[in-house]
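Each remark here refers to the structure printed beneath this line.
Number of protein chains: 2
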Amino acid sequence: MLTDRQLLILQVIIDDFIRSAQPVGSRTLSEKEEITFSSATIRNDMAELEELGYIEKPHTSSGRVPSEKGYRYYVDHLLHPKELNHREVETINSIFVDRIYELEKVVQKSARILSELTNYTAIVLGPELKDNKVKKLQIVPLDKNKAIAIIVLDTGHVENRLFKLPKQTNISDIEKMVNILNERLVGVSLSELHDKLYKEIVGLLRRHISNYESMLSAFAETVDVPTNEKLFVGGKTNILNQPEFRDLDKLRLIMNMIDQEEGIYRLIGNVPTGIQVKIGKENKSAAMEHCSLITASYSVGEEQVGAIAILGPKRMEYSRVISLVDFLSHDMTKALTNLYKS
Amino acid sequence: MLTDRQLLILQVIIDDFIRSAQPVGSRTLSEKEEITFSSATIRNDMAELEELGYIEKPHTSSGRVPSEKGYRYYVDHLLHPKELNHREVETINSIFVDRIYELEKVVQKSARILSELTNYTAIVLGPELKDNKVKKLQIVPLDKNKAIAIIVLDTGHVENRLFKLPKQTNISDIEKMVNILNERLVGVSLSELHDKLYKEIVGLLRRHISNYESMLSAFAETVDVPTNEKLFVGGKTNILNQPEFRDLDKLRLIMNMIDQEEGIYRLIGNVPTGIQVKIGKENKSAAMEHCSLITASYSVGEEQVGAIAILGPKRMEYSRVISLVDFLSHDMTKALTNLYKS
DNA sequence: TTTAGCACTCATAATCATAGAGTGCTAATA
DNA sequence: TATTAGCACTCTATGATTATGAGTGCTAAA
Numbered sequence: 039m040l041t042d043r044q045l046l047i048l049q050v051i052i053d054d055f056i057r058s059a060q061p062v063g064s065r066t067l068s069e070k071e072e073i074t075f076s077s078a079t080i081r082n083d084m085a086e087l088e089e090l091g092y093i094e095k096p097h098t099s100s101g102r103v104p105s106e107k108g109y110r111y112y113v114d115h116l117l118h119p120k121e122l123n124h125r126e127v128e129t130i131n132s133i134f135v136d137r138i139y140e141l142e143k144v145v146q147k148s149a150r151i152l153s154e155l156t157n158y159t160a161i162v163l164g165p166e167l168k169d170n171k172v173k174k175l176q177i178v179p180l181d182k183n184k185a186i187a188i189i190v191l192d193t194g195h196v197e198n199r200l201f202k203l204p205k206q207t208n209i210s211d212i213e214k215m216v217n218i219l220n221e222r223l224v225g226v227s228l229s230e231l232h233d234k235l236y237k238e239i240v241g242l243l244r245r246h247i248s249n250y251e252s253m254l255s256a257f258a259e260t261v262d263v264p265t266n267e268k269l270f271v272g273g274k275t276n277i278l279n280q281p282e283f284r285d286l287d288k289l290r291l292i293m294n295m296i297d298q299e300e301g302i303y304r305l306i307g308n309v310p311t312g313i314q315v316k317i318g319k320e321n322k323s324a325a326m327e328h329c330s331l332i333t334a335s336y337s338v339g340e341e342q343v344g345a346i347a348i349l350g351p352k353r354m355e356y357s358r359v360i361s362l363v364d365f366l367s368h369d370m371t372k373a374l375t376n377l378y379k380s
Numbered sequence: 039m040l041t042d043r044q045l046l047i048l049q050v051i052i053d054d055f056i057r058s059a060q061p062v063g064s065r066t067l068s069e070k071e072e073i074t075f076s077s078a079t080i081r082n083d084m085a086e087l088e089e090l091g092y093i094e095k096p097h098t099s100s101g102r103v104p105s106e107k108g109y110r111y112y113v114d115h116l117l118h119p120k121e122l123n124h125r126e127v128e129t130i131n132s133i134f135v136d137r138i139y140e141l142e143k144v145v146q147k148s149a150r151i152l153s154e155l156t157n158y159t160a161i162v163l164g165p166e167l168k169d170n171k172v173k174k175l176q177i178v179p180l181d182k183n184k185a186i187a188i189i190v191l192d193t194g195h196v197e198n199r200l201f202k203l204p205k206q207t208n209i210s211d212i213e214k215m216v217n218i219l220n221e222r223l224v225g226v227s228l229s230e231l232h233d234k235l236y237k238e239i240v241g242l243l244r245r246h247i248s249n250y251e252s253m254l255s256a257f258a259e260t261v262d263v264p265t266n267e268k269l270f271v272g273g274k275t276n277i278l279n280q281p282e283f284r285d286l287d288k289l290r291l292i293m294n295m296i297d298q299e300e301g302i303y304r305l306i307g308n309v310p311t312g313i314q315v316k317i318g319k320e321n322k323s324a325a326m327e328h329c330s331l332i333t334a335s336y337s338v339g340e341e342q343v344g345a346i347a348i349l350g351p352k353r354m355e356y357s358r359v360i361s362l363v364d365f366l367s368h369d370m371t372k373a374l375t376n377l378y379k380s
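First to last, the sequence lines map onto chains A and B.
So the number in the numbering used here is just where the residue sits in the first sequence, counting from 1, plus 38.
So the number in the numbering used here is just where the residue sits in the second sequence, counting from 1, plus 38.
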């Protein structure tokens with residue numbers, strides 16, 4: 039359909055626009071070294087590219103700007119993956135050099151570093167917990183009225199919740215309860231826990247322990263944690279540097295979305311395995327209309343557990359960002375697999 | 039020094055400017071109902087107020103704008119506290135209606151609600167932990183190589199950290215260690231813990247346990263948590279609605295500061311007891327040059343443990359915000375005192 | 001002491017002209 | 001037949017010019 043020359047022109051237009059954020063004219067193009075033909079030829083090809091919907095004009099006599107269809111074609115067919123340079127590789131590896139033991143820190147650091155490397159906004163979603171298995175349960179009384187329920191998972195994640203003790207609970211009841219729970223629930227995954235608690239355990243408790251209800255419900259609530267561990271967003275203010283967000287209304291729209299976790303979960307809550315690029319309206323979100331989102335999943339062993347993402351303007355440095363995100367996601371997979379499967 | 043009439047004029051100028059964000063002229067003022075004298079009189083008084091530094095002119099023939107000195111005088115002497123209306127009281131009380139047991143949620147909700155009520159940015163700093171006392175220590179082995187150290191504090195706060203087990207650690211050593219730590223450290227406050235660990239405990243461990251070092255250092259690091267529990271910022275995007283931050287450079291400056299915890303800690307890390315108002319340059323921070331900060335402390339019992347703050351433009355609704363912040367801080371004090379001291 | 005009157009200042013908005021980047025089309029060229 | 005030079009045309013961005021009007025300071029009268 040498109041001639042090689044037209045593809046070259048499309049590619050150069052997009053490359054230039056990504057760099058300059060300015061509409062690209064035939065004259066500018068003809069001066070590029072990779073382009074050997076005249077501006078008139080370019081104009082003819084541009085007219086055709088426009089007719090086919092790959093580029094558009096902001097107004098009658100201006101240069102051309104890529105359309106979403108154009109970006110899509112560019113990402114799918116014209117992109118040559120950019121090799122990361124030494125510094126970039128080093129920087130990403132530095133995330134994992136010291137203790138990976140604090141997952142929260144790793145997630146946070148990943149988001150920060152990724153946003154610094156790209157100058158866009160980075161989102162890192164910590165591993166899902168739903169397949170984690172209970173390692174140990176514990177109740178620690180704080181005083182006459184309150185106690186704290188603790189669940190330790192096999193990945194080392196700890197959930198806890200304060201709850202009110204029924205009046206005159208005696209210590210031995212608490213101990214009995216903890217014993218029953220540990221006997222029955224160690225090894226059970228978080229996703230099965232709630233059911234198990236209310237189907238198998240509740241009868242046992244009723245038989246052996248008076249006033250088990252509030253302790254049980256504290257455990258049940260502790261268990262009902264959001265399925266993802268932690269969410270970090272790095273480089274929110276990088277958005278301010280993008281010329282397309284000079285417009286305060288656009289800015290407000292996207293900022294509002296980023297500032298509430300819910301919006302972000304909707305955006306990258308369940309991304310497919312591997313790299314994905316969503317351009318503008320493909321994101322099905324009014325706030326994201328002028329943005330592109332590049333996501334990558336990471337895994338523990340074979341199982342996908344989390345995701346990282348870069349949010350930037352449609353005019354994004356796709357090839358560089360894709361390489362970075364890809365690299366980091368593999369690094370995270372390696373590090374986490376290493377940590378949990380050995 | 040200032041006549042009553044001048045004070046009235048100053049007050050009305052500031053009130054009007056807070057509402058409109060526009061320089062206030064003598065004509066506008068003379069039409070206010072509380073002002074009974076002519077615009078010429080006002081002009082004379084304004085000239086004097088300007089000479090004394092309470093107001094200033096953006097340019098020769100414009101209306102007047104309050105200076106920082108003017109705001110300061112206004113806050114110190116001209117403010118009549120604004121009664122909260124029913125809805126505001128209800129909304130704030132709603133923070134504490136259901137389970138206060140999850141402190142993190144309470145802090146988060148406070149920040150959100152405060153920002154919604156004020157339309158400014160709200161910051162809530164969770165309670166300090168340094169005077170919390172150890173309630174229980176625990177080590178849970180996850181597999182041959184890793185274990186998790188857990189510290190439960192008397193307020194119900196739980197800290198935990200993954201650490202690497204020395205090769206061939208046997209279970210009984212871990213149990214011995216846990217016993218020693220619990221015997222010696224329960225009741226010790228977090229601020230004394232580090233010292234105690236390395237002065238008293240280390241000798242005991244050396245005598246009874248082989249390979250105690252890494253377990254000890256895991257505990258020590260778990261203990262070295264930031265002294266404040268949690269920090270939440272609500273309504274960051276409210277800044278975008280303030281006309282003074284149309285300027286992208288100003289916006290970037292303040293956004294950058296808000297987006298890093300460190301900047302916020304520097305700002306409200308140690309605020310005095312009670313309400314404090316810092317106006318513009320009084321904050322000693324370039325980013326805050328065009329902002330005011332209203333802070334209030336809250337306590338458990340008699341002891342101040344945390345702070346809440348509102349960050350807005352210098353042109354802030356001081357009286358309303360002060361009332362809101364005051365009210366919320368007392369509510370928090372009540373709720374927390376009730377929770378921990380009963 | 002207060003106020004009316006008036007000349008003066010300056011920011012803002014509106015209008016207009018110009019330059020220049022870019023286009024599409026036509027006709028000449030390889 | 002495909003490419004390119006040439007040219008008229010379009011539209012934005014820029015700057016200059018000009019009104020408009022809100023607001024001031026000063027003077028003189030009340």
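Note that CB positions come from ideal geometry on N, CA and C, so glycine has one too.
* In the DSSP assignment, find the alpha helix (DSSP H) that holds residue 95 of chain B and state where it starts and stops. => Position 57 of the second sequence, counting from 1, holds the residue named residue 95 of chain B. Careful: residue 95 of chain B lies outside any alpha helix (DSSP H) and carries neither H nor E.
* Mapping DSSP to helix, strand and coil, what is residue 75 of chain A? -> For the purposes of this step, residue 75 of chain A is identified with residue 37 of the first sequence, where counting begins at 1. Coil, per DSSP.
* Pair every Cβ in the region 293–302 of chain B with every Cβ in the region 351–370 of chain B, then say whether three or more of these pairs are closer than 8 Å. => No contact exists between the region 293–302 of chain B and the region 351–370 of chain B.
* **C-alpha gap between residue 382 of chain B and residue 191 of chain B, whole angstroms** => A query on residue 382 of chain B cannot be resolved here, the shown segment of chain B reaching from 39 to 380 and no further.
* **Cβ of residue 190 of chain A within 8 Å of any chain B Cβ** => Here residue 190 of chain A corresponds to residue number 152 of the first sequence, with the count starting at 1. Chain B contact via Cβ: present.
* To do: Look at residue 204 of chain A and residue 249 of chain A and say whether their C-beta atoms are less than 8 Å apart.
  => Counted from its first residue, the first sequence places residue 204 of chain A at position 166. Counted from its first residue, the first sequence places residue 249 of chain A at position 211. Judged by their CB atoms, residue 204 of chain A and residue 249 of chain A are nearer to each other than the 8 Å cut-off.
* Mind checking which residues open and close the beta strand (DSSP E) that includes residue 199 of chain A? => As a position in the first sequence, residue 199 of chain A is number 161, starting the count at 1. Where residue 199 of chain A is concerned, the enclosing beta strand (DSSP E) stretches over 196–202.
* To do: Output the residue ranges of the alpha helix (DSSP H) runs that lie fully inside the region 227–284 of chain B and measure 4 residues or longer, sorted by chain position.
  => Runs found: 228–234, 240–246, 251–261.
* **Cβ shell of residue 77 of chain A (< 6 Å), same chain only, five flanking positions each side left out** => Here residue 77 of chain A is taken as the residue at index 39 of the first sequence, counted from 1. For residue 77 of chain A, where only same-chain residues beyond five positions count, the Cβ hits under 6 Å are 64, 65, 68.
* **residue 333 of chain A - containing alpha helix (DSSP H), residue span** => As a working mapping, residue 333 of chain A is identified with position 295 in the first sequence. Per DSSP, residue 333 of chain A belongs to no alpha helix (DSSP H); it is in the beta strand (DSSP E), 329–338.
* Partners in chain B for residue 293 of chain A, counting only beta-carbon separations shorter than 8 Å -> Position 255 of the first sequence, counted from the start, is the residue given in the question as residue 293 of chain A. Within chain B, the residues near residue 293 of chain A are 274, 275, 278.
* Would a check of beta-carbon distances place residue 282 of chain A closer than 8 Å to chain B? -> Here residue 282 of chain A refers to the residue found at position 244 when the first sequence is read from its first residue. Residue-level contact check: residue 282 of chain A does not touch chain B, since none of the beta carbons of chain B fall below 8 Å from its beta carbon.
* Asked: If you draw a straight line from the alpha carbon of residue 314 of chain B to that of residue 280 of chain B, how long is it in whole angstroms?
  -> Residue 314 of chain B sits at position 276 when you count from the first residue of the second sequence. Residue 280 of chain B sits at position 242 when you count from the first residue of the second sequence. For residue 314 of chain B and residue 280 of chain B, the distance between alpha carbons rounds to 22 Å.
* Asked: Which partner residues of residue 371 of chain A appear in the DSSP bridge assignment?
  -> Residue numbering aside, residue 371 of chain A sits at position 333 when the first sequence is read from its first letter. Looking at the DSSP output, residue 371 of chain A shares a beta bridge with no other residue.
* Asked: Buried or exposed: which applies to residue 336 of chain B, given that a residue is buried once 16 or more other Cβ atoms fall within 10 Å of its Cβ?
  -> Locating residue 336 of chain B in the second sequence gives position 298, counting from the first residue. It is buried - the Cβ of residue 336 of chain B has at least 16 other Cβ atoms within 10 Å.
* Residue span of the beta strand (DSSP E) that contains residue 184 of chain A, given as start and end -> Here residue 184 of chain A refers to the residue found at position 146 when the first sequence is read from its first residue. Residue 184 of chain A -> beta strand (DSSP E) spans 184–191.
* What are the boundary residues of the alpha helix (DSSP H) that residue 108 of chain B is part of? -> For the purposes of this step, residue 108 of chain B is taken as the residue at position 70 of the second sequence. 106–111 is the extent of the alpha helix (DSSP H) around residue 108 of chain B.
* Is there contact between the region 345–364 of chain A and the region 178–185 of chain A, where contact requires at least three CB pairs shorter than 8 Å? -> No, the region 345–364 of chain A is not in contact with the region 178–185 of chain A.
* Taking any Cβ of chain B, which residues in the region 127–151 of chain A have a Cβ under 7 Å from it, in chain order? -> Residues of the region 127–151 of chain A with a C-beta atom less than 7 Å from some C-beta of chain B are 139, 140, listed in chain order.
* **Alpha-carbon to alpha-carbon, residue 159 of chain A and residue 217 of chain A** => Translated into positions along the first sequence, residue 217 of chain A becomes position 179. Translated into positions along the first sequence, residue 159 of chain A becomes position 121. Their backbone Cα atoms lie some 47 Å apart in a straight line.
* Asked: Under 8 Å, do residue 332 of chain B and residue 360 of chain B count as touching if we go by C-beta distance?
  -> As a first step, residue 332 of chain B is located in the second sequence; it is residue number 294 there, counting from the start. As a first step, residue 360 of chain B is located in the second sequence; it is residue number 322 there, counting from the start. Annotated as proximal: residue 332 of chain B and residue 360 of chain B, with beta-carbon spacing under 8 Å.
* Measure the Cβ-Cβ separation of residue 161 of chain A and residue 346 of chain A and say whether it is below 8 Å. => Residue mapping note: residue 161 of chain A aligns to position 123 of the first sequence, counting from 1. Residue mapping note: residue 346 of chain A aligns to position 308 of the first sequence, counting from 1. It is a contact, given that the beta carbons lie within the stated cut-off.
* Look at the alpha carbon of residue 148 of chain A and the alpha carbon of residue 113 of chain B, and state the distance between them as a whole number of angstroms. => Mapped onto the first sequence, residue 148 of chain A falls at position 110. Mapped onto the second sequence, residue 113 of chain B falls at position 75. Residue 148 of chain A and residue 113 of chain B: Cα-Cα distance of roughly 44 Å.
* Asked: Using Cβ-Cβ distances below 9 Å, what residues of the region 338–349 of chain A are close to chain B?
  -> The residues in question: there are none.
* **Backbone CA spacing between residue 136 of chain A and residue 270 of chain B [nearest angstrom]** => Against the first sequence, residue 136 of chain A aligns to sequence position 98. Against the second sequence, residue 270 of chain B aligns to sequence position 232. Residue 136 of chain A and residue 270 of chain B have their C-alpha atoms spaced approximately 28 Å apart.
* Asked: What are the boundary residues of the alpha helix (DSSP H) that includes residue 213 of chain A?
  -> Translated into the one-based positions of the first sequence, residue 213 of chain A becomes position 175. Residues 209–223.
* Asked: Any beta-carbon of chain B closer than 8 Å to the one on residue 161 of chain A?
  -> Start at 1 with the first residue of the first sequence, and residue 161 of chain A comes out as number 123. Chain B contact via Cβ: absent.
* To do: Would you mind stating whether residue 165 of chain B and residue 374 of chain B have Cβ atoms separated by less than 8 Å?
  => As a position in the second sequence, residue 165 of chain B is number 127, starting the count at 1. As a position in the second sequence, residue 374 of chain B is number 336, starting the count at 1. When the beta-carbon positions are compared, residue 165 of chain B and residue 374 of chain B come within less than 8 Å of each other.
* **Bounding residues of the alpha helix (DSSP H) (the contiguous stretch that carries residue 147 of chain B)** => Here residue 147 of chain B corresponds to residue number 109 of the second sequence, with the count starting at 1. Where residue 147 of chain B is concerned, the enclosing alpha helix (DSSP H) stretches over 141–156.
* Expressed to the nearest angstrom, what Euclidean distance is found between the alpha-carbon atoms of residue 84 of chain B and residue 60 of chain B? -> On the second sequence, position 46 is the one that residue 84 of chain B refers to. On the second sequence, position 22 is the one that residue 60 of chain B refers to. Those two C-alpha atoms are separated by around 16 Å.
* To do: State the start and end residues of the unbroken beta strand (DSSP E) segment that holds residue 129 of chain B.
  => Working through the second sequence from its first residue, we reach residue 129 of chain B at position 91. First-last for residue 129 of chain B: 124–135, but that is the alpha helix (DSSP H), not the beta strand (DSSP E).
* Which listed residue (B/319, B/340, B/288, B/253) has its alpha carbon closest to that of residue 209 of chain B -> For the purposes of this step, residue 209 of chain B is identified with residue 171 of the second sequence, where counting begins at 1. The alpha carbon of residue 209 of chain B has as its nearest neighbour, out of B/319, B/340, B/288, B/253, the alpha carbon of B/253.
* Same chain, Cβ closer than 6 Å to residue 154 of chain B, neighbours up to 5 away in sequence not counted -> Taking the second sequence and counting its residues from 1, the one referred to as residue 154 of chain B is at position 116. If we look at residue 154 of chain B and ignore the five residues flanking it on each side, it has no Cβ neighbours.
* Asked: Nearest-angstrom Cα distance between residue 121 of chain A and residue 130 of chain A?
  -> Position 83 of the first sequence, counted from the first residue, corresponds to residue 121 of chain A. Position 92 of the first sequence, counted from the first residue, corresponds to residue 130 of chain A. Rounded to whole angstroms, the separation of the alpha carbons of residue 130 of chain A and residue 121 of chain A is 14 Å.
* If we call anything under 8 Å between Cβ atoms a contact, is residue 48 of chain B one with residue 111 of chain B? -> Start at 1 with the first residue of the second sequence, and residue 48 of chain B comes out as number 10. Start at 1 with the first residue of the second sequence, and residue 111 of chain B comes out as number 73. Contact flag set, yes.
* Assuming residue 173 of chain B contacts residue 224 of chain B (C-beta within less than 8 Å), just tell me the rounded distance between them. => By 1-based counting over the second sequence, the position of residue 173 of chain B is 135. By 1-based counting over the second sequence, the position of residue 224 of chain B is 186. Between the beta-carbon of residue 173 of chain B and that of residue 224 of chain B there is about 7 Å, and that keeps the pair under the 8 Å contact cut.
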